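Written out below as structure tokens is the structure these notes cover.
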Amino acid sequence: MPELLPPFVLFFAGALALPILPRALRGWAFLLPPIGALWLLWGLAEGASVTMPFLLWEIEPLRVDRLSLLFGWVFSIAALAGGVFALHLRDTGQQVAALLYAGSTLGVVFAGDLFTLLVFWEVMAVTSAYLVWARRTPESHAAGKRYLYVHLAGGSLLLGGILLHLGDTGSLAFEAFAPGLAAWLILGGFALNAAAVPLHAWIADAYPEATLTGAVFMTAFTTKSAVYALARGFPGWEVLVVLGVASALVAVVYSLITNDIRRVLAYIVMGQVGFMVAGVGLGTESALNGATAHAFAGVLYKGLLFMAAGALIHATGRSKLTELRGLRGALPWVLGFYMVGALGVAGAPLFAGFVSKSITLDAFGYGGRDAVYLLLYLASIGAFVAAGLRVPFLVWGGESGESKPVDLKPIPWNMTAGMAIAAGITIFLGVSPGVLYALLPFPIEFEPYTMSHTVKAVQLLGFTFLAFWLFRSRVGSEATIALDADWVYRRPAGVSYRLGPALVARAFGAAERTLYRGVGAVVSAAQDPVGRVTRREAPKGDETSSTAFQPTMTFGAVLVLVPLLVLFFLIFMR
Amino acid sequence: MNRIGMIVLVVVLVASVALNFTIPAKEDPHIWDVKAFFAVYGFVGALAAIFLSRWIGQFLLQRDEGYYAPHGAPEEAAEFQGKGEEGRDA
């Protein structure tokens, strides 16, 4: 039954076939699995399921319902758009890793049991780590290792939780969890991938170091598949509201002081995922609709932001805002696509973020959670300032300052095409939200383009812009890094270096110097015992003066005469 | 920002506040149903975001770019590496 083929199979088969194809065809062949997956999803009906026996249990590699279908659609679209963006790539390792990564993400989404989920979860971690390493710089090597360790730790939480859950309930089915130690461990694993405070630092550590195309895939898959898993397993868990709001607000602070453009965007992703996590935490039908709609829209406009940043870095060879300054009229298309993504983040009317974010926010505001509603709007304002105003103002609007003029490399046509696809869908969903609303897990009656919503959004964005414009001289960027929670596991490296090798090296150095000094003293004493003793009597730095010469001669004479006298005495007194 | 941009901005801002007064009052109003609430909130929120993050960054979070350099201070690492090579040759 080909219509009941789990979509991941296409991607894994593609990853196997890719290396044996001619190099020039590999970029194009990359597009076939996503297209095939879209075709499969078209034919998948709700309620479809594939089960098979595995050891003592029954596993379910395909479970189709409205929630999994929605994420299946958007991940397939993201893989396709990302594949177009990466069409120029001639790096088979990266292409294979990206296919396995996309496939395992779809595997997570359609997994009906926890065992299948865990396996795909781990494959995601390893393949995405490769996309960081593939940049082949010392920084990406180190960041990729940290990324992998953090995600394997998250996977261990998940494994521990799943085993406990299996022991408690005897069931591997992936459904909403009841509170307990097992559920908390699993929640920890999911929250880590959702970059929820305080398990978020990996996102800003790894994304800026990944390859330009790799980061596009990473921003689409890891955090949003975690939102899916949270929506499936933990709807209505109040702790997620707290974590989500905290993530959204913390992310604003970092995105406004960070200097690397993709690090800014990584924090923007973290903040946007915070909205989704909070929506899942509220757990009402409209909040879950909002969270999933926001995930769908977010995959596209945040992927678009990373594509635009990738194109910018490709053209200029620079990624720090302090070095990118003053592009002025250069790369207008990149600026245009970037702004579509940024207005998506900001929730501007006519863009996808507006029709998705309003659902979540209204679910809080009209569900008796006034404080959460206002805090999330504050985070929304901050995200607009960071992504929509600060970055474009510094890169395109500001004075070039001290940075040297940039030699621009041409941007491959396919990068532009990838951005155009993502931008087109971002605007399409913003203009005709009904298409998105038809996919949501619960029936929805929501009209985003009411006078009230539109006026609210225009006032918010307009006056945010006014405040930014009046105080734009206070919004800069400095060549610094901002400490984050990864300090806990990164700082000990320096400290332990100082306490370990540096301390030992210093001790050996001191011992070596002492030894050399001692041996040197003995050697010089053996070579010139007289000089050694008498030199002390000489004034410093003036050893040939007569005052030094005199006692030396006296002492030498004594040294010769005394044995002679002894000798004579022995010979003649016998 | 040029003249036209200025005019567009002022028109948009004034219109968004003016249109707010056409929305009928609700039976159970929240604080954000006050007219022009989001204009004030956007303005104040943006200032709060800009200045708070700046201060938090300056006083707490921002460090030199070499802060996480692999072996403490770079010159110290070079020194250590130099000594290591020498030791191995001997």
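Protein sequences, first through last, are from chains A and B.
First residue of the first sequence? That's 25 in my numbering, and the numbers climb one at a time after it.
First residue of the second sequence? That's -13 in my numbering, and the numbers climb one at a time after it.
For glycine and all other residues, C-beta sits at the position ideal for the given N, C-alpha and C.
Bear in mind the structure is a predicted one, so any value in this text is a computation, not a measurement.
Between residue i and residue j, what straight-line distance do the alpha-carbon atoms span, to the nearest angstrom?
{"i": "residue 303/A", "j": "residue 523/A", "result": "46 Å"}
{"i": "residue 91/A", "j": "residue 266/A", "result": "23 Å"}
{"i": "residue 489/A", "j": "residue 204/A", "result": "46 Å"}
{"i": "residue 117/A", "j": "residue 471/A", "result": "45 Å"}
{"i": "residue 209/A", "j": "residue 254/A", "result": "13 Å"}
{"i": "residue 421/A", "j": "residue 510/A", "result": "33 Å"}
{"i": "residue 377/A", "j": "residue 325/A", "result": "8 Å"}
{"i": "residue 42/B", "j": "residue 48/B", "result": "8 Å"}
{"i": "residue 25/A", "j": "residue 73/A", "result": "Here the model assigns residue 25/A a pLDDT of 45, short of 50, so the residue's position is not dependable, and the following value carries that caveat. For residue 25/A and residue 73/A, the distance between alpha carbons rounds to 12 Å."}
{"i": "residue 591/A", "j": "residue 555/A", "result": "25 Å"}
{"i": "residue 528/A", "j": "residue 54/B", "result": "21 Å"}
{"i": "residue 400/A", "j": "residue 388/A", "result": "9 Å"}
{"i": "residue 349/A", "j": "residue -8/B", "result": "24 Å"}
{"i": "residue 236/A", "j": "residue 533/A", "result": "45 Å"}
{"i": "residue 354/A", "j": "residue 433/A", "result": "11 Å"}
{"i": "residue 305/A", "j": "residue 263/A", "result": "7 Å"}
{"i": "residue 66/A", "j": "residue 409/A", "result": "39 Å"}
{"i": "residue 407/A", "j": "residue 393/A", "result": "21 Å"}
{"i": "residue 314/A", "j": "residue 431/A", "result": "44 Å"}
{"i": "residue 104/A", "j": "residue 455/A", "result": "22 Å"}
{"i": "residue 65/B", "j": "residue 526/A", "result": "Since pLDDT at residue 65/B reaches only 47, below the 50 mark, its modelled position is unreliable, and no value is offered."}
Which stretch, first to last residue, makes up the beta strand (DSSP E) that contains residue i?
{"i": "residue 75/A", "result": "73 to 78"}
{"i": "residue 18/B", "result": "Looking at the DSSP string, residue 18/B is not in any beta strand (DSSP E), and its letter there is neither H nor E."}
{"i": "residue 85/A", "result": "81 to 87"}
{"i": "residue 506/A", "result": "504 to 506"}
{"i": "residue 50/B", "result": "48 to 50"}
Answer with yes or no whether the minimum CB distance from residue i to chain B is below 8 Å.
{"i": "residue 471/A", "result": "no"}
{"i": "residue 381/A", "result": "no"}
{"i": "residue 296/A", "result": "no"}
{"i": "residue 551/A", "result": "no"}
{"i": "residue 394/A", "result": "yes"}
{"i": "residue 225/A", "result": "no"}
{"i": "residue 233/A", "result": "no"}
{"i": "residue 24/A", "result": "This structure gives no information on residue 24/A, because the portion of chain A shown stretches from 25 to 598."}
Any beta carbon from chain A within less than 8 Å of residue i's own beta carbon?
{"i": "residue 36/B", "result": "yes"}
{"i": "residue 6/B", "result": "yes"}
{"i": "residue 40/B", "result": "yes"}
{"i": "residue 25/B", "result": "yes"}
{"i": "residue 9/B", "result": "yes"}
{"i": "residue 3/B", "result": "yes"}
{"i": "residue 49/B", "result": "yes"}
{"i": "residue 45/B", "result": "no"}
{"i": "residue -6/B", "result": "no"}
{"i": "residue -2/B", "result": "yes"}
Does residue i pass the burial test, meaning 16 or more other C-beta atoms within 10 Å, or should it be called exposed?
{"i": "residue 44/B", "result": "exposed"}
{"i": "residue 16/B", "result": "exposed"}
{"i": "residue 84/A", "result": "buried"}
{"i": "residue 12/B", "result": "exposed"}
{"i": "residue 381/A", "result": "buried"}
{"i": "residue 221/A", "result": "buried"}
{"i": "residue 341/A", "result": "exposed"}
{"i": "residue 114/A", "result": "exposed"}
{"i": "residue 540/A", "result": "exposed"}
Could you give the residue range of the alpha helix (DSSP H) that holds residue i?
{"i": "residue 243/A", "result": "236 to 257"}
{"i": "residue 386/A", "result": "376 to 389"}
{"i": "residue 514/A", "result": "511 to 521"}
{"i": "residue 229/A", "result": "225 to 230"}
{"i": "residue 58/A", "result": "56 to 67"}
{"i": "residue 199/A", "result": "No alpha helix (DSSP H) contains residue 199/A, which DSSP labels as neither H nor E."}
{"i": "residue 369/A", "result": "356 to 370"}
{"i": "residue 394/A", "result": "394 to 407"}
{"i": "residue 278/A", "result": "262 to 281"}
Is residue i near the ligand MN, with its Cβ less than 7 Å from a heavy atom?
{"i": "residue 65/A", "result": "This structure does not include the ligand MN; it has no bound ligands of any sort."}
Could you tell me whether the segment 530 to 547 of chain A touches the segment 316 to 331 of chain A, using the rule of 3 or more Cβ pairs below 8 Å?
no
Does the segment 245 to 253 of chain A come close enough to the segment 95 to 111 of chain A that 3 or more CB-CB pairs lie under 8 Å?
yes
At a cut of 8 Å, does the segment 146 to 154 of chain A reach the segment 190 to 208 of chain A through at least three beta carbon pairs?
no
Closer than 8 Å is the cut-off here; do at least three beta carbon pairs connect the segment 173 to 182 of chain A with the segment 155 to 164 of chain A?
The segment 173 to 182 of chain A is not in contact with the segment 155 to 164 of chain A.
The segment 474 to 483 of chain A touching the segment -9 to 10 of chain B, judged by at least three CB pairs closer than 8 Å:
yes
Tell me, please, whether the segment 20 to 31 of chain B touches the segment 126 to 143 of chain A by the rule of three or more beta-carbon pairs shorter than 8 Å.
no
Do the segment 257 to 276 of chain A and the segment 292 to 301 of chain A meet, that is, are 3 or more Cβ pairs less than 8 Å apart?
yes
Tell me, please, whether the segment 232 to 240 of chain A touches the segment 326 to 335 of chain A by the rule of three or more beta-carbon pairs shorter than 8 Å.
The answer is yes - the segment 326 to 335 of chain A touches the segment 232 to 240 of chain A, with three or more Cβ pairs under 8 Å.
Three CB pairs or more closer than 8 Å across the segment 459 to 470 of chain A and the segment 360 to 372 of chain A:
no
At least 3 beta-carbon pairs within less than 8 Å: the segment 33 to 51 of chain A vs the segment 121 to 135 of chain A:
yes
If contact is defined by three or more beta carbon pairs under 8 Å, each pair taking one atom from either stretch, is the segment 405 to 419 of chain A in contact with the segment 490 to 501 of chain A?
yes
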